[in-house]
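Enquirer: Here it is, the structure, as structure tokens.
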């Protein structure tokens, strides 16, 4: 499979990312603890076999020192927080900061106020306006490709937005994810499928007291295509794996 | 192949992906593919791949980012055809 190289970021953008990462690192014991406490205590969320999830992620991170990207199904606005909570404890993230994933939240929701902008800044988020200015979106994707190539972890939703049908649709996978994957040599994809018992469809927030169940698996998609077709093929393989995990989830629930 | 023929072919390829049929009726070189025609951004790659097949050309990932209007697509294809 032909790999693309990651275009280096402009010096100013690179500097900003480094500063954001270091500030996030310093504050991570506070921020990750706060998020975990809020999800668990304020919203009453639970994750079935939380230890198993974290053990699996730890194993993946320790076995593979190279680029990792997390790809997940997407049903609510706070999925990225729930996933980060599911995959690691605040202590783990403090000790292995690279494994705390960068996120790409929707700007109109998560950067609407100054407080939110500060909050997502210290939580390794790069806000983007989905469907917005193409150059800006490309710039953010370029930042993600760079952090992944530098062996940090990023969380990306292959379908870009929340699944409008409530189910993963491999055909709606955005090829940008395949492009990012192809730009990082020896990249592995950590597929995370997580769904609450009451999540029949997409929504803004999971219900209070929701119990999440799911699974984690790792893939290294390969393709014989080139260029755009390769990116689309990779994106579909990732989304298809999530769709398969979804099927397993529903089979287990029968 | 002249610009008009390329334009017609581009519109024909775009048609199944267009959600705003009214905008399609008045389509021109300045029509924005995502904003005016409301083509899903995730589907834009499928559109570009159909351009590749129809015109027997290869379009780079980076070039896709430059395709915003129907005119951009026509210009890109014209340049690739030579």
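Chains as they are written, first to last, in this note's numbering: chain A, 14 to 267; chain B, 501 to 582.
We treat Cβ as the ideally placed atom computed from N, Cα and C, and that holds for glycine.
What you are looking at is a predicted structure, and each value in this text was computed from that prediction instead of being measured.
1) Suppose you measure from the CA of residue 255/A to the CA of residue 519/B; what does that come to, to the nearest Å?
2) Return the chain-ordered ranges of every beta strand (DSSP E) run that is complete within the segment 165–234 of chain A and spans a minimum of 3 residues.
3) Just mark residue 225/A as buried or exposed, buried being the case when its beta carbon has 16 or more other beta carbons within 10 Å.
4) Less than 8 Å between CB atoms is the rule here; does residue 542/B satisfy it with respect to chain A?
5) When you check each C-beta in the segment 545–565 of chain B against every C-beta of chain A, which residues fall closer than 7 Å?
6) Using a Cβ-Cβ cut-off of 8 Å, state whether residue 241/A counts as contacting chain B.
7) Can you pull the DSSP bridge partners for residue 119/A?
8) To the nearest angstrom, how far is the alpha carbon of residue 552/B from that of residue 49/A?
9) List, in chain order, every chain A residue whose beta-carbon is nearer than 7 Å to that of residue 505/B.
10) Give every residue of the same chain whose Cβ lies closer than 8 Å to the Cβ of residue 141/A, excluding the five residues on either side of it in the sequence, and list them in chain order.
11) Within the continuous alpha helix (DSSP H) that includes residue 252/A, where are the two ends?
12) Helix or strand or just coil, what does DSSP make of residue 51/A?
13) What residues of chain A sit near residue 568/B, judged by a beta carbon separation below 9 Å?
14) Between the segment 21–32 of chain A and the segment 179–191 of chain A, do at least 3 Cβ pairs fall closer than 8 Å?
15) Candidates 179/A, 158/A, 215/A and 213/A: which alpha carbon is nearest residue 194/A's?
16) Run the CB neighbour count on residue 94/A, radius 10 Å, all protein chains shown included, and call it buried at 16 or more, exposed below.
17) Going by C-alpha to C-alpha distance, which of 21/A, 202/A, 131/A and 137/A sits closest to residue 233/A?
18) Should the segment 64–81 of chain A be regarded as contacting the segment 125–143 of chain A, the criterion being three or more beta carbon pairs within less than 8 Å?
19) Per DSSP, what kind of secondary structure is residue 133/A in: helix, strand or coil?
20) Looking at chain B, which residues of the segment 181–213 of chain A have a Cβ within less than 8 Å of any of its Cβ atoms?
21) Which term fits residue 45/A, buried or exposed, when burial requires 16 or more other beta carbons within 10 angstroms of its beta carbon?
22) Taking its Cβ as the centre, do 16 or more other Cβ atoms sit within 10 Å of residue 246/A, making it buried, or is it exposed?
23) Give, in chain order, every residue of the segment 241–266 of chain A whose Cβ lies closer than 8 Å to some Cβ of chain B.
24) CB-CB under 8 Å to residue 179/A, same chain, minus the five flanking residues each way: which ones, in chain order?
25) Classify residue 109/A as helix, strand or coil using the three-state DSSP reduction.
26) Where do the N-terminal and C-terminal ends of the beta strand (DSSP E) with residue 85/A fall, by residue?
27) Find out if the Cβ-Cβ distance for the pair residue 240/A, residue 558/B is shorter than 8 Å.
28) What residues of chain B sit near residue 173/A, judged by a beta carbon separation below 8 Å?
29) Figure out for me which residue from 531/B, 540/B, 521/B and 523/B has the closest Cα to the Cα of residue 145/A.
30) Is the Cβ-Cβ distance between residue 262/A and residue 208/A less than 8 Å?
31) In whole angstroms, give me the CA-to-CA distance for residue 38/A and residue 529/B.
32) Indicate the three-state DSSP secondary structure (helix, strand or coil) for residue 77/A in the structure shown.
Expert: According to the data block:
1) Taking the first residue of the first chain as 1, we reach residue 255/A at position 242. Taking the first residue of the second chain as 1, we reach residue 519/B at position 19. C-alpha separation (whole angstroms): 27 Å.
2) For the segment 165–234 of chain A, the continuous beta strand (DSSP E) assignments of 3+ residues that do not extend past its boundaries occur at 166–169, 201–209 and 224–232, in sequence order.
3) Along the first chain, read from residue 1 onward, the residue named residue 225/A stands at position 212. Of the other Cβ atoms in all chains shown, 16 or more fall within 10 Å of the Cβ of residue 225/A; this residue is therefore buried.
4) Sequence index remark: in the second chain, residue 542/B carries index 42 (1-based). It does; some Cβ of chain A falls within 8 Å.
5) Correct list: 545, 548, 549, 558, 559, 560, 561, 564 and 565.
6) On the first chain, position 228 is the one that residue 241/A refers to. At a cut-off of 8 Å between beta carbons, residue 241/A contacts chain B.
7) By 1-based counting over the first chain, the position of residue 119/A is 106. In DSSP, residue 119/A forms a bridge with 141/A.
8) By 1-based counting over the second chain, the position of residue 552/B is 52. By 1-based counting over the first chain, the position of residue 49/A is 36. When rounded, the distance between both Cα atoms is 48 Å.
9) If you number the second chain from 1, residue 505/B lands on position 5. Neighbours of residue 505/B in chain A, taken as residues at a C-beta separation under 7 Å, are lacking, since the least C-beta distance is about 23 Å.
10) Here the question's residue 141/A lines up with position 128 in the first chain. Excluding sequence neighbours, residue 141/A sits near 117, 118, 119, 120, 149, 150 and 153.
11) Here the question's residue 252/A lines up with position 239 in the first chain. Residues 240–266.
12) Within the first chain, the letter at position 38 stands for residue 51/A. It is helical.
13) Along the second chain, one-based indexing puts residue 568/B at 68. When 9 Å is used as the limit between beta carbons, residue 568/B is near these residues of chain A: 147, in chain order.
14) These segments do not touch.
15) As a first step, residue 194/A is located in the first chain; it is residue number 181 there, counting from the start. Among 179/A, 158/A, 215/A and 213/A, the Cα nearest to that of residue 194/A belongs to 158/A.
16) As a position in the first chain, residue 94/A is number 81, starting the count at 1. Residue 94/A comes out buried.
17) Translated into positions along the first chain, residue 233/A becomes position 220. Of the candidates 21/A, 202/A, 131/A and 137/A, the one whose C-alpha sits nearest the C-alpha of residue 233/A is 202/A.
18) Two segments are said to touch when three or more pairs of C-beta atoms, one from each, lie closer than 8 Å; by this definition the segment 64–81 of chain A does not touch the segment 125–143 of chain A.
19) What you label residue 133/A is simply residue 120 of the first chain in a count that begins at 1. The DSSP-derived three-state label of residue 133/A is helix.
20) With the criterion set as a beta carbon lying under 8 Å from some beta carbon of chain B, the members of the segment 181–213 of chain A are 185, 186, 187, 188 and 192, in sequence order.
21) Looking up residue 45/A in the first chain gives position 32. Buried: at least 16 other Cβ atoms inside 10 Å.
22) Along the first chain, one-based indexing puts residue 246/A at 233. So residue 246/A counts as buried.
23) Taken in chain order, the members of the segment 241–266 of chain A whose beta-carbon sits within less than 8 Å of a beta-carbon on chain B are 241, 242, 244 and 245.
24) Locating residue 179/A in the first chain gives position 166, counting from the first residue. Only 88, 212, 213, 214 and 215 meet the Cβ criterion.
25) Translated into the one-based positions of the first chain, residue 109/A becomes position 96. Three-state DSSP puts residue 109/A in coil, outside helix and strand.
26) For the purposes of this step, residue 85/A is taken as the residue at position 72 of the first chain. Start and end: 81–85.
27) Residue numbering aside, residue 240/A sits at position 227 when the first chain is read from its first letter. Residue numbering aside, residue 558/B sits at position 58 when the second chain is read from its first letter. The answer is yes: Cβ separation under 8 Å.
28) Within the first chain, numbered from 1, the residue matching residue 173/A stands at position 160. Neighbours of residue 173/A on chain B, chain order: 541 and 542.
29) For this step, residue 145/A is matched to residue 132 along the first chain. In this structure, 540/B is the residue among 531/B, 540/B, 521/B and 523/B with its C-alpha nearest to the C-alpha of residue 145/A.
30) Position 249 of the first chain holds residue 262/A. Position 195 of the first chain holds residue 208/A. Between residue 262/A and residue 208/A, the CB-CB gap stays under 8 Å.
31) Numbered from its first residue, the first chain carries residue 38/A at position 25. Numbered from its first residue, the second chain carries residue 529/B at position 29. If you take the alpha carbons of residue 38/A and residue 529/B, they lie about 48 Å apart.
32) The residue labelled residue 77/A in the question sits at position 64 within the first chain. Residue state for residue 77/A is assigned as coil, using DSSP reduced to three classes.
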